[in-house]
Amino acid sequence: MRRGISLASLGIVLVSVAISIGSVRPAPIKVVETYERKCSSCHGKEGAMLDKDFEKKYASASELREVVESMPGAIGMRSDALEAMLAYTRSISRREPFVVWTEQRGDVIIGEVSPAAATVQARAKRETLRVQRTQNQWRITLPKGVRPEDVEITAQRGGVRTTLRLKDSPYSHTK
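Counting from 347, one number per residue, gives the positions in the sequence shown under this note's numbering.
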């Protein structure tokens with residue numbers, strides 16, 4: 347009897363893991379809000395005091411990670427949250443808009459964009475989605491039959507554009 351229960355429990359765990367691997371999730375933190383709260387006092391709003399292409403002065407991605415990890419604002423930050431902050435750091439260095447999906451409430455997905463002056467558009471299944479904006483935050487109500495992994499979000503400022511496909515990542519600039 348115990349063996350039957352153990353095998354059933356194992357089966358449930360394996361199915362749960364398989365489902366979670368296949369599903370998309372928001373970023374572990376509100377990246378732009380966290381940066382503004384913990385980092386902007388030294389590095390400027392939306393990274394305004396950081397030099398263009400500053401990431402290039404580091405020999406490797408791991409060296410950049412070590413530098414960001416040593417900053418006071420990153421102390422105690424979980425690894426997955428630090429990865430999201432590194433992505434934002436890359437976007438600042440490259441002077442490209444940053445897009446991140448931070449939350450889901452039912453059929454509404456919510457995220458952030460930086461700089462706040464960037465325009466945001468979204469599409470899913472060849473359909474344009476309505477994007478509501480408040481400063482750095484965006485909000486999209488998903489139509490029936492549209493899942494977060496179907497959504498593609500584009501942020502643009504001037505001639506520079508960033509596209510985020512939620513099926514690939516909850517934030518842009520992963521590399």
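Just so you know, even glycine gets a beta-carbon here, dropped at the ideal spot from N, CA and C. As the structure is a prediction and not an experimental result, all values here were calculated from the model.
{"Item": "Return the first residue and the last residue of the beta strand (DSSP E) that V414 is part of.", "Value": "First-last for V414: 407–416, but that is the alpha helix (DSSP H), not the beta strand (DSSP E)."}
{"Item": "Rounded to a whole number of angstroms, what is the C-alpha to C-alpha distance between F444 and E409?", "Value": "21 Å"}
{"Item": "Taking only the alpha-carbon atoms, compute the straight-line gap between T520 and I438 and give it to the nearest angstrom.", "Value": "13 Å"}
{"Item": "What beta strand (DSSP E) runs, 3 residues minimum, are completely inside the stretch 442–510?", "Value": "444–451, 454–460, 465–470, 473–475, 477–480, 483–487, 497–503"}
{"Item": "What residue from K490, V466, T480 has the CA that sits closest to L510's CA?", "Value": "V466"}
{"Item": "Smallest Cα separation from A529: which of V414, M417, R472, R441?", "Value": "With the chain covering only 347 through 521, there is no way to say anything about residue 529."}
{"Item": "Does DSSP classify Y517 as helix, strand or coil?", "Value": "strand"}
{"Item": "Measuring CB to CB, does L475 end up less than 9 Å from P489?", "Value": "yes"}
{"Item": "Could you give the C-beta distance for A430 and A468, rounded to a whole number, given that I count them as a contact under 8 Å?", "Value": "Actually they are not in contact, since the Cβ atoms of A430 and A468 sit about 20 Å apart, beyond 8 Å."}
{"Item": "Which whole-angstrom value is the C-beta distance of E498 and V377, which I expect to be below 8 Å?", "Value": "Actually they do not touch by this definition, with Cβ atoms about 19 Å apart."}
{"Item": "Does R436 come out as helix, strand or coil in the three-state DSSP assignment?", "Value": "helix"}
{"Item": "Around the Cβ of A433, are there at least 16 other Cβ atoms within 10 angstroms (buried) or fewer (exposed)?", "Value": "buried"}
{"Item": "Which of the three DSSP states is assigned to A373 in this structure?", "Value": "coil"}
{"Item": "Counting along the chain, where does the alpha helix (DSSP H) carrying C388 start and finish?", "Value": "386–389"}
{"Item": "Excluding the 5 residues flanking M395 on each side, which residues of the same chain have their C-beta closer than 6 Å to its C-beta?", "Value": "H389"}
{"Item": "Taking C-beta to C-beta, are D453 and T480 nearer than 9 Å?", "Value": "no"}
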